[in-house]
Amino acid sequence: MVLEKSEFRRKEEFNGVMILSMRKTSIKVEYEDAKTGDSGPADFERAITATGYGKFNYLLLLAVLPGSFSSIFSSSVMSYVLPSAECDLQLTMFDKGLLNSMTFAGGMISTVFFWGCMADTFGRKKLMFYGYLITGLLSLATCFSHTSWLLITFKFFDGVIIAGPYAALMSYLAELHDEVHRSRSYMWLGVFFSLGNISLPCIAWLILPQNWDVTLFNQTIEINSWRVFLAICSLPEFLACAALYAFPESPRFLILKGRYDEALNVFKKIYSLNTGKDPDTYPIKSLKNEYSVESSGERIQDKMRSCLKQMKPLFLPPNIFKLILISTIQLGATLGSNSLRLWMPQLFAMIESYKNTVMKNDNHVSGLQSSFCYMLGQEKLHLNSTRYINETINNDAVACVPMEMNSQVFINSIVIAITSVIGYTLGGTLITVVGKKKLMAICFIVAAISCGSLYWAEDTNSILGLSSVFVAMSSIGGATVTNIIVDNFPTCLRTMAVSITMMMGRIGAVIGNLLFPILFNLSCLGPFIMIGSACLVQILHFNLTVRARFLVGLLRSCAILELAFTSSPTYNVPVSIQQWWSLVGLERSDVM
């Protein structure tokens with residue numbers, strides 16, 4: 197009951213304290229009336245708000261945990277397998293680049309836009325259940341691969357399918373939380389992704405160093421550490437499949453399909469689980485008609501046609517120019533971050549192998565101070581010289597020396613993952629203080645400097661520190677691009693803009709991981725020029741003068757590549773900082 201104004205006046209004459217009490221009561225009653233929506237049919241937001249927040253939401257977050265882990269494991273697991281599987285599968289450097297990029301290539305083919313249409317047609321729950329089940333089977337199949345191309349094929353289709361349940365999971369999580377708790381649920385999802393990045397090298401540390409070598413069925417099936425590691429990394433998909441099967445279909449999807457009774461029953465179950473009350477006491481008795489003819493269409497062709505119609509304004513001025521600019525930034529960001537991040541375990545393994553095999557004699561004989569590129573170059577020469585034994589004389593079998601994966605490789609990877617988590621945390625605070633564009637520019641500048649400085653790094657600690665800063669800064673810069681989309685596109689086009697931007701990001705990851713081994717085989721300097729330049733290009737739209745000056749310097753920097761490619765293959769004479777400035781053609785005053 198809501199008190200009338202006349203009642204307030206009578207109370208004013210007797211007791212001021214009573215006035216405050218009565219006013220609070222009246223406001224509370226009005227809020228409850230609005231919240232329960234007893235006045236008539238409720239829309240989706242009122243209905244989901246009336247279910248409350250409690251046990252159901254906690255169980256949902258617990259079920260989402262393995263789903264978020266599966267996305268991280270799918271895209272990053274191969275970076276830890278490559279050094280161990282090199283001999284078993286006879287992997288070349290380019291094969292390793294293909295394996296690192298295949299998940300992104302599959303996701304590039306099946307965009308979030310496509311899977312969003314599939315989720316709107318068949319439902320979130322079906323897409324998550326069958327999607328995680330199929331990706332789990334594909335991930336499990338990778339551990340039985342006996343050739344590199346079979347493993348590459350499995351990873352490609354894994355990337356195609358994993359994008360589906362990931363897109364459905366994002367929608368499902370949002371549609372089972374009210375507006376107040378929706379942002380908090382995405383915050384927890386970000387925490388889960390961070391935990392996945394940290395847990396993956398921890399699992400690798402426990403399994404990959406083991407010397408397991410078991411054959412079954414007359415050597416048909418071979419079991420070793422990297423195959424066991426791949427099998428264990430497929431568990432999150434199966435756990436997500438089983439956990440999400442117990443949850444209902446999204447009530448939002450049911451409402452859009454006109455299945456109001458089913459949606460109302462879902463709301464009642466959520467309400468009962470959160471409050472502990474009988475489902476029949478759920479205050480909402482009916483739902484508003486939000487039935488959509490477009491969303492109810494069961495044919496995929498109709499859904500795709502509707503989505504394409506909605507996308508049309510995105511490719512018209514002025515949106516098309518903004519989309520090209522932001523997509524280019526995202527492409528460069530992921531080209532840098534996902535290239536070096538996925539190659540760091542391989543590079544750390546090469547450095548540790550160099551220390552244990554080459555460095556002892558090398559320092560004693562020549563007295564050289566080992567730089568980052570020198571260590572990588574010497575280790576590559578050592579591997580090439582010991583890979584084949586009497587091949588040209590006796591046609592003997594290939595004798596591959598497995599690369600040593602000691603604890604330091606995994607510790608370094610864990611440090612990089614933790615640094616990224618800290619960076620994301622600080623980035624969320626700084627974005628409101630510094631601003632989105634300034635933060636993005638600062639992150640890419642710091643990332644470019646860190647990447648360029650790696651060339652002159654001379655010890656493991658400096659290499660670890662610079663690579664950690666690079667991965668953290670480039671990841672924050674890439675994440676900021678998504679926030680910039682919100683400011684540059686209307687609400688009706690934001691989802692499509694994000695989908696296209698994510699697709700461009702996957703293209704960048706594929707390009708970066710394929711170019712990395714090609715440039716590395718030519719010169720150690722090549723990949724770092726590529727990654728550093730990709731980071732610097734992201735800030736060019738802020739200042740036309742800097743843009744023109746940078747482009748001139750970028751063209752002249754080709755001289756560095758020419759010098760590096762024609763230099764000694766031992767990489768024992770790094771380009772000095774003075775040579776860098778003169779070859780690029782910039783004065784220090786131009787960039788200070």
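For the sequence shown, my numbering gives the first residue as 197, with consecutive numbering after it. Ideal Cβ positions, reconstructed from N, Cα and C, are used throughout, including at glycine. Note that the coordinates shown come from a computational prediction; the quantities given were computed from them, not determined experimentally.
Worksheet item: Which residue comes first and which comes last in the alpha helix (DSSP H) that contains Glu-445?
Response: Per DSSP, Glu-445 belongs to no alpha helix (DSSP H) and is neither H nor E.
Worksheet item: Hey, Ser-430 and Gly-332 are a contact pair by Cβ (cut 8 Å); roughly how many whole angstroms apart?
Response: 5 Å
Item to complete: With DSSP as the reference, please indicate the residues paired to Thr-411 in a beta bridge.
Response: Glu-418
Discussion item. Tell me the residue span of the alpha helix (DSSP H) that contains His-377.
Written reply: Where His-377 is concerned, the enclosing alpha helix (DSSP H) stretches over 375-403.
Fill in: For Ile-618, the nearest candidate out of Val-277, Ser-646, Ala-668, Leu-519 (CA to CA)
Ala-668
Worksheet item: Mapping DSSP to helix, strand and coil, what is Leu-512?
Response: Note: Leu-512 maps to coil in three-state DSSP.
Fill in: At least three beta-carbon pairs within less than 8 Å, the region 431-441 to the region 259-279
yes
Worksheet item: Okay, do the region 285-303 and the region 710-719 touch, 3+ Cβ pairs below 8 Å being the bar?
Response: yes
Practice prompt. Flag this pair as touching only if the region 474-484 and the region 238-254 have three or more C-beta atom pairs under 8 Å; answer yes or no.
Written response: yes
Practice prompt. Closer than 7 Å by C-beta to Asn-509: which residues in its own chain qualify, once you throw out the five before and the five after it? Chain order, please.
Written response: Reading off the sequence, residue 509 comes out as Pro, not Asn. Closer than 7 Å at Cβ, skipping near neighbours: Asn-515, Leu-689.
Worksheet item: With respect to the alpha helix (DSSP H) encompassing Ser-344, which residues constitute its N-terminal and C-terminal limits?
Response: 344-371
Discussion item. Checking 8 Å against the spacing of the C-beta atoms, do Leu-531 and Phe-640 come in under that value?
Written reply: Not in contact: Leu-531 and Phe-640 (Cβ atoms no closer than 8 Å).
Fill in: Reduced DSSP category for Ala-653 - H, G, I as helix; E, B as strand; rest coil
Ala-653: coil per DSSP, three-state reduction.
Item to complete: Below 8 Å on the Cβ atoms is my guess for Met-541 versus Ser-344; work out the distance and round it to an integer in Å.
Response: A small fix is needed here, since residue 541 is Pro in this sequence, not Met. Not really, about 18 Å apart at Cβ, beyond 8 Å.
Worksheet item: According to DSSP, what are the bridge partners of Leu-718?
Response: Paired residue(s): none; Leu-718 is not in a bridge.
Worksheet item: Should Leu-426 and Val-665 be called a contact, given that it needs their Cβ atoms to be closer than 8 Å?
Response: Val-665 sits away from Leu-426, with the two beta carbons spaced by 8 Å or more.
Fill in: For Phe-606, the first and last residue of its enclosing alpha helix (DSSP H)
That run of the alpha helix (DSSP H) goes 603-630.
Worksheet item: Under 8 Å, do Gly-302 and Ala-363 count as touching if we go by C-beta distance?
Response: In this structure, Ala-363 does not lie closer than 8 Å to Gly-302 by Cβ.
Discussion item. Just to check my reading of the structure: Ala-705 and Asn-534 have Cβ atoms closer than 8 Å, yes? What is that Cβ distance to the nearest angstrom?
Written reply: Ala-705 to Asn-534, Cβ: 4 Å. Contact.
Item to complete: Work out the CA separation of Ile-466 and Thr-317 for me, nearest whole Å.
Response: 24 Å
Fill in: Residue range of the unbroken alpha helix (DSSP H) whose run includes Lys-481
Counting along the chain, Lys-481 falls outside any alpha helix (DSSP H), and DSSP gives it neither H nor E.
Discussion item. Since Thr-393 and Ala-613 should fall inside the 8 Å C-beta cutoff, what is the C-beta to C-beta distance between them, to a whole number of angstroms?
Written reply: Reading off the sequence, residue 393 comes out as Asn, not Thr. Rounded, the Cβ-Cβ distance is 4 Å, consistent with contact.
Fill in: Closest residue to Ile-735 among Val-605, Thr-691, Thr-524, Phe-606 (Cα-Cα distance)
Thr-524
Fill in: Rounded distance between the beta-carbons of Phe-449 and Arg-320, thought under 8 Å
6 Å
Discussion item. Excluding the 5 residues flanking Gly-528 on each side, which residues of the same chain have their C-beta closer than 6 Å to its C-beta?
Written reply: Ala-730, Val-733, Gln-734
Discussion item. Which same chain residues end up closer than 8 Å to Ile-419 when comparing Cβ atoms and leaving out the 5 residues on each side of it in sequence?
Written reply: Trp-408, Asp-409, Val-410, Thr-411, Leu-412
Fill in: Terminal residues of the alpha helix (DSSP H) in which Lys-464 lies
456-471
Worksheet entry | Ile-358 versus Ser-267: straight-line alpha-carbon distance, rounded | Taking C-alpha positions only, Ile-358 is separated from Ser-267 by approximately 7 Å.
Worksheet entry | Given Leu-402 as reference, the closest of Gln-604, Thr-338, Ala-370, Val-629 once Cα atoms are compared | Gln-604
Worksheet item: How many angstroms separate the CA atom of Asp-284 from the CA atom of Ser-421?
Response: 11 Å
Discussion item. Suppose the cutoff is 8 Å on Cβ atoms and the five residues either side in sequence are ignored; what does the same chain contact list for Phe-389 look like?
Written reply: Ser-264, Ser-267, Ile-268
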